[in-house]
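Novice: Dropping a structure here in structure tokens format, bear with me for questions.
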Amino acid sequence: MSAPFDISQFGIVAEDEYPHPFSPDHMDWNESYFFDWYNDDATFAGHCRVGWHPTQERLLFWLFVYHNNEWLVIEEYRLPFSALTLNNDDKAFSYSGWGLECSYTPGQPLVDGKLSVRGFARVISGVRLGTVLPVAVDLQLEAVAPPHSRGAGEVESHSAEGYATNRYEQPMKAQCTTSIAGIESVFDVRGERDHSWGPRPWDMEWAFLVINNEQFSLQATVVNIPEWPAIKMGYFKPADAAMVNLTDVDFQVEYNAASPEQAVSGTIVLTGEDGSVIRADMAAVSGTEIDITHTFAIPKRTEYRRSLVRCTFDDTYQGIASPGWFECNRNIDSGSAGNH
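All letters in the sequence shown, in the order written, are residues 15 to 354 by my numbering.
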């Protein structure tokens with residue numbers, strides 16, 4: 015498959031599809047692959063993270079699947095790093111053990127690939143609440159735009175002397191075949207994938223939006239790191255035009271601490287480097303809280319949530335209503351991460 019775009023537009027190269035060397039001097043070194051997806055009417059969705067902390071000698075994994083108003087979840091954050099296989103049999107990574115299997119097999123780097131997961135998930139909402147069910151997910155994905163990156167950045171805690179550090183985000187479309195308790199379904203989906211590598215301290219707040227539909231795709235982020243000004247970045251990619259960087263991200267969001275399933279609502283305003291402005295009202299469809307207590311030097315709970323949302327757009331995209339994902343991590347005692 016030939017790419018209909020320049021994969022290196024933002025400085026990412028084909029080799030960045032695969033795992034990278036790590037610095038043994040950084041306990042918080044983390045390389046992570048992340049995938050999310052949803053169908054057109056937001057009745058089926060999911061996200062999966064596979065990441066490793068090699069100097070901590072552990073692999074972390076999660077899978078969240080939303081279907082028929084149920085959330086099914088696998089969270090495994092202390093798997094042995096020694097059980098992870100990297101760059102073998104055409105797979106970027108693979109793990110198999112104790113009833114859990116996961117792998118990612120790139121096709122043409124940064125163009126297409128396949129995520130596969132097999133395991134047993136606990137139902138955390140819906141009519142089968144509390145049960146554990148066999149789950150399988152095969153996500154055959156195709157990128158719809160180049161991988162977006164703003165480079166390694168200038169935050170000292172996210173760099174390592176002598177080692178490459180970076181991340182990229184890339185919109186995709188996919189066919190997702192899923193089996194839950196032996197019942198198989200196939201969905202056409204859209205979403206985003208990302209890949210990051212380097213020291214990754216999690217002790218910060220962020221808010222993150224991703225939208226991908228037939229008319230456009232976008233990703234917008236606000237990051238708050240102690241003693242740093244807010245970092246605002248992302249991209250906007252019309253279906254018939256080039257991807258551009260965002261120069262401003264304004265999340266006017268209300269957070270509902272009492273309800274992970276209805277955690278966010280509000281308005282988003284994004285500005286592109288070409289002067290374009292994208293506005294939308296956002297409402298939660300459903301969502302969950304994710305456990306990252308184990309990522310901190312002193313374990314603690316933060317309000318880390320990922321919400322399946324529906325955004326209704328104004329101005330140039332008047333009338334478009336699109337599913338997407340809104341993710342936020344908030345320190346419980348410090349209020350909103352939105353635009354501070």
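All residues carry an ideal CB built from backbone N, CA and C; glycine is no exception.
For histidine 354, is the classification buried or exposed, using 16 other Cβ atoms within 10 angstroms of its Cβ as the cut-off for buried?
Specialist: Here the question's residue 354 lines up with position 340 in the sequence shown. Because histidine 354 sits at a pLDDT of 37, beneath the cut-off of 50, its placement in the model cannot be relied upon, and the point is left open.
Novice: Going straight from the alpha carbon of phenylalanine 19 to that of proline 160, what length do you get?
Specialist: Residue 19 sits at position 5 when you count from the first residue of the sequence shown. Residue 160 sits at position 146 when you count from the first residue of the sequence shown. Their Cα atoms are separated by approximately 6 Å.
Novice: By a C-beta neighbour count over all protein chains shown, 10 Å radius and 16 as the cutoff for buried, is glutamate 268 buried or exposed?
Specialist: Within the sequence shown, numbered from 1, the residue matching residue 268 stands at position 254. So glutamate 268 ends up on the exposed side.
Novice: Taking glutamate 115 as the reference, give the member of Leu73, Thr285 and Pro240 with the closest Cα.
Specialist: Position 101 of the sequence shown, counted from the start, is the residue given in the question as residue 115. Taking only the C-alpha atoms, the option nearest glutamate 115 is Leu73.
Novice: Grouping DSSP H, G and I as helix and E and B as strand, with all else coil, what is tyrosine 32?
Specialist: Along the sequence shown, read from residue 1 onward, the residue named residue 32 stands at position 18. Of the three classes helix, strand and coil, the one that applies to tyrosine 32 here is coil, per DSSP.
Novice: From the DSSP output, which residues share a beta bridge with alanine 335?
Specialist: Your numbering for residue 335 matches position 321 in the sequence shown. For alanine 335, which the question treats as bridged, DSSP gives the partners Thr326.
Novice: Terminal residues of the continuous beta strand (DSSP E) containing phenylalanine 95?
Specialist: In the sequence shown, counting from the first residue as 1, residue 95 sits at position 81. Per DSSP, phenylalanine 95 belongs to no beta strand (DSSP E) and is neither H nor E.
Novice: Between which two residues does the beta strand (DSSP E) containing aspartate 387 stretch?
Specialist: Here the chain covers residues 15 to 354 and nothing more, so residue 387 does not appear.
Novice: Using a Cβ-Cβ cutoff of less than 7 Å, which residues in the same chain neighbour aspartate 217 once the five nearest sequence positions on both sides are dropped?
Specialist: For the purposes of this step, residue 217 is taken as the residue at position 203 of the sequence shown. Same-chain partners within the cutoff: Phe310.
Novice: Below 8 Å on the Cβ atoms is my contact criterion, and I expect tryptophan 43 with histidine 67 to pass it. Report the Cβ-Cβ distance as a whole number of Å.
Specialist: For the purposes of this step, residue 43 is taken as residue 29 along the sequence shown, with counting starting at 1. For the purposes of this step, residue 67 is taken as residue 53 along the sequence shown, with counting starting at 1. Confirmed, Cβ separation roughly 7 Å.
Novice: What would DSSP say about glutamine 229, mapped onto helix, strand or coil?
Specialist: Position 215 of the sequence shown, counting from 1, holds the residue named residue 229. Correct three-state label for glutamine 229: coil.
Novice: From the DSSP secondary-structure annotation, give me the bridge partner or partners of isoleucine 292.
Specialist: Position 278 of the sequence shown, counted from the first residue, corresponds to residue 292. Answer is Leu284, bridged to isoleucine 292.
Novice: Could you name the residues that DSSP lists as bridge partners for glutamine 23?
Specialist: Here residue 23 refers to the residue found at position 9 of the sequence shown. Beta-bridge analysis with DSSP links glutamine 23 to no other residue.
Novice: Let's see if you can read the secondary structure: which residues bound the beta strand (DSSP E) around tryptophan 211?
Specialist: In the sequence shown, residue 211 corresponds to position 197, counting from 1. Here the beta strand (DSSP E) through tryptophan 211 covers 197-213.
Novice: How about valine 125 and alanine 255: are their beta carbons less than 7 Å apart?
Specialist: Translated into the one-based positions of the sequence shown, residue 125 becomes position 111. Translated into the one-based positions of the sequence shown, residue 255 becomes position 241. Cβ atoms of valine 125 and alanine 255: not closer than 7 Å.
Novice: Since phenylalanine 134 sits in a beta bridge, which residues does DSSP pair it with?
Specialist: The residue given as residue 134 occupies position 120 in the sequence shown. Answer by DSSP bridge pairing, in chain order: Pro148.
Novice: Could you have a look at histidine 67 and say whether DSSP puts it in helix, strand or coil?
Specialist: Position 53 of the sequence shown, counted from the first residue, corresponds to residue 67. If DSSP states are grouped into helix, strand and coil, histidine 67 belongs with the strands.
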